[in-house]
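Novice:
Chains as they are written, first to last, in our numbering: chain A, 1 to 180; chain B, 1001 to 1204.
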């Protein structure tokens, strides 16, 4: 800190000895540098260490009121089957008797795959006057061999496409068969 | 002769220093220190940004068909451990309870917890001490269910509040394991979960 020594090394000759003039200013540059370094560090670590989460509410298993069960139209019900090695299939309506005779169809993850399909179905239903809670109902079924990421991806698609009704169900044996 | 005014190259840093230390203090106080876990996992990503509550929360880490259990507060840990000790007939000393509260999470059988707590504090969180995870696959020795049940009872008895459950699954984990954990919790009518994920945008 150069400013602390301001006498300049003089003082020779027969001059009167004067008391040193103190400079009140301290060079704070280094201190500010350090402070900003620490600020940067804390800013980065705080925002990174806070993981996000996805809320999942499952239906209560016990005392299911039978009268509460609601009927869903075949054209509104979409089933997504998640299998191992990132395989994915979907169908509308019932498994044995799919809507418009279109059985389980292969799909891929991401915006060009299943998201397009879901948005298409939602648009079709919207044209017929079904929206929001009256709109598409998605049943998600996964084999045990599928990865957790696959399930999160599909749940994420629900959030992205804005499907209001979706549920995670167990696979039937026939569905397990085709996902092998 | 007009003298050129000598302008100083120095700037007064005092105000800047004040501001930067104010910010520094703010970040130090608001940040939560990242606590080490016995089994860190790679989280899957999602676009959802729901914040995870910091108190009254049970964190279940799921990986390689094993589950690790974590509680949030010190008081919660003490009370839940006492309740568990009563059920499994394990007596814990004051020092053992004190050591237990230093662990963020753990993955051992309750009957082996005493041996673990006999080790020095520095070794408690080492992964090799938590190789087996909490037993949950066998329905006769379902300790995961017991830990969660006691956490819920403890929180309700002391705070009249409901415990929240966060599931931290490894991205590559089989869905079957996660599903099994969810089923166990649903048996207790714990139907709401926070699935802990990383963040991504919807362009994938």
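We put the CB at the ideal spot given by N, CA and C, even for glycine. Being a predicted model, the structure only gives us computed values, none of them experimental.
State the CB to CB distance for the pair residue 1058 of chain B and residue 1165 of chain B, rounded to an integer number of angstroms; the pair is presumed to be in contact (CB under 8 Å).
Specialist: Here residue 1058 of chain B refers to the residue found at position 58 when the second chain is read from its first residue. Here residue 1165 of chain B refers to the residue found at position 165 when the second chain is read from its first residue. At roughly 5 Å, the Cβ-Cβ gap stays under 8 Å, so residue 1058 of chain B and residue 1165 of chain B are in contact.
Novice: Given that a residue counts as buried once 16 or more other Cβ atoms are within 10 Å of its Cβ, and exposed if not, what is residue 41 of chain A?
Specialist: Locating residue 41 of chain A in the first chain gives position 41, where the first residue counts as 1. Classification of residue 41 of chain A: exposed, given that the 10 Å Cβ count is below 16.
Novice: Report yes or no: is there a C-beta of chain B within less than 8 Å of the C-beta of residue 32 of chain A?
Specialist: By 1-based counting over the first chain, the position of residue 32 of chain A is 32. So, interface residue.
Novice: Along the segment 19-30 of chain A, what residues have a CB closer than 8 Å to any CB found in chain B?
Specialist: Cβ contacts with chain B come from 25, 27, 28 and 29.
Novice: If we require 4 or more residues per run, which alpha helix (DSSP H) segments fall completely within the segment 99-127 of chain A?
Specialist: 114-127
Novice: Less than 8 Å separating the beta-carbons of residue 138 of chain A and residue 80 of chain A?
Specialist: If you number the first chain from 1, residue 138 of chain A lands on position 138. If you number the first chain from 1, residue 80 of chain A lands on position 80. Yes.
Novice: Please name the residue or residues paired with residue 1045 of chain B in a DSSP beta bridge.
Specialist: Sequence index remark: in the second chain, residue 1045 of chain B carries index 45 (1-based). Answer is B/1198, bridged to residue 1045 of chain B.
Novice: Residues in the segment 126-144 of chain A with C-beta within 8 Å of chain B's C-beta atoms, listed in sequence order?
Specialist: Within the segment 126-144 of chain A, contact with chain B at the beta-carbon level (separation under 8 Å) is assigned to 142, 143 and 144.
Novice: Between the beta-carbon of residue 1144 of chain B and the beta-carbon of residue 1134 of chain B, is there less than 8 Å?
Specialist: Here residue 1144 of chain B corresponds to residue number 144 of the second chain, with the count starting at 1. Here residue 1134 of chain B corresponds to residue number 134 of the second chain, with the count starting at 1. Against a cut-off of 8 Å, the Cβ pair of residue 1134 of chain B and residue 1144 of chain B comes out as a contact.
Novice: Could you tell me if residue 61 of chain A is buried or exposed, where buried requires 16 or more neighbouring beta carbons within 10 angstroms of its beta carbon?
Specialist: The sequence position of residue 61 of chain A within the first chain is 61, counting from 1. Exposed.
Novice: Between residue 98 of chain A and chain B, is any beta-carbon pair separated by less than 8 Å?
Specialist: Residue mapping note: residue 98 of chain A aligns to position 98 of the first chain, counting from 1. By this cut-off, residue 98 of chain A is not an interface position.
Novice: My assumption, with CB atoms under 8 Å, is that residue 1130 of chain B sits in contact with residue 1068 of chain B. Please give the rounded CB distance.
Specialist: Residue numbering aside, residue 1130 of chain B sits at position 130 when the second chain is read from its first letter. Residue numbering aside, residue 1068 of chain B sits at position 68 when the second chain is read from its first letter. With a Cβ gap of about 7 Å, residue 1130 of chain B and residue 1068 of chain B count as contacting.
Novice: Using 8 Å as the Cβ pair cut-off and three pairs as the minimum, do the segment 76-96 of chain A and the segment 139-147 of chain A touch?
Specialist: Per the Cβ contact rule, the segment 76-96 of chain A is in contact with the segment 139-147 of chain A (3 or more Cβ pairs under 8 Å).
Novice: Between residue 178 of chain A and chain B, is the shortest Cβ-Cβ distance under 8 Å, so that the two count as touching?
Specialist: Locating residue 178 of chain A in the first chain gives position 178, counting from the first residue. No, because no Cβ of chain B sits closer than 8 Å to the Cβ of residue 178 of chain A.
Novice: Given residue 7 of chain A, which residues of its chain have a CB within under 7 Å of its CB, disregarding the five upstream and five downstream residues?
Specialist: Stepping through the first chain from its first residue, residue 7 of chain A is reached at position 7. Reliability fails at residue 7 of chain A, whose pLDDT of 49 lies under 50, so the model's placement of it is uncertain and the value that follows must be treated cautiously. The answer, listed in chain order, is 20.
Novice: Measuring CA to CA, which of B/1105, B/1171 and B/1011 is closest to residue 1073 of chain B?
Specialist: Position 73 of the second chain holds residue 1073 of chain B. Here the closest residue by C-alpha is B/1105.
Novice: Would DSSP call residue 1102 of chain B helix, strand or coil?
Specialist: What you label residue 1102 of chain B is simply residue 102 of the second chain in a count that begins at 1. In the displayed model, residue 1102 of chain B falls within coil according to three-state DSSP, outside both helix and strand.
Novice: Apart from the five residues on each side of it in sequence, which residues of its chain come closer than 8 Å, Cβ to Cβ, to residue 1036 of chain B?
Specialist: As a working mapping, residue 1036 of chain B is identified with position 36 in the second chain. Taken in chain order, the residues that qualify are 1104 and 1125.
Novice: Return the residues of the segment 1116-1142 of chain B that lie within a Cβ-Cβ distance of less than 8 Å from chain A, sorted by chain order.
Specialist: none
Novice: Decide if residue 102 of chain A is buried, meaning its Cβ has at least 16 other Cβ atoms within 10 Å, or exposed.
Specialist: In the first chain, counting from the first residue as 1, residue 102 of chain A sits at position 102. Classification for residue 102 of chain A: exposed.
Novice: Within 10 angstroms of its Cβ, does residue 1024 of chain B collect 16 or more other Cβ (buried), or is it exposed?
Specialist: As a first step, residue 1024 of chain B must be located in the second chain, where it is residue number 24. Residue 1024 of chain B sits buried, since 16 or more C-beta atoms from the chains shown fall within 10 Å of its C-beta.
Novice: In three-state DSSP terms, what is residue 93 of chain A?
Specialist: For this step, residue 93 of chain A is matched to residue 93 along the first chain. Residue 93 of chain A falls in the strand class under three-state DSSP.
Novice: Taking the CB atoms as reference points, tell me whether residue 88 of chain A and residue 114 of chain A lie closer together than 8 Å.
Specialist: Reading the first chain from its first residue, position 88 is the one you call residue 88 of chain A. Reading the first chain from its first residue, position 114 is the one you call residue 114 of chain A. In this structure, residue 88 of chain A sits near residue 114 of chain A, with a CB-CB distance shorter than 8 Å.
Novice: If residue 1013 of chain B sits next to residue 28 of chain A, beta carbons under 8 Å apart, how far is it from one beta carbon to the other, in whole angstroms?
Specialist: The sequence position of residue 1013 of chain B within the second chain is 13, counting from 1. The sequence position of residue 28 of chain A within the first chain is 28, counting from 1. Contact holds; Cβ gap of about 3 Å.
Novice: Taking Cβ-Cβ distances shorter than 9 Å, what residues in chain B pair up with residue 55 of chain A?
Specialist: Your numbering for residue 55 of chain A matches position 55 in the first chain. Result: 1048, 1050, 1192, 1193, 1194 and 1195.
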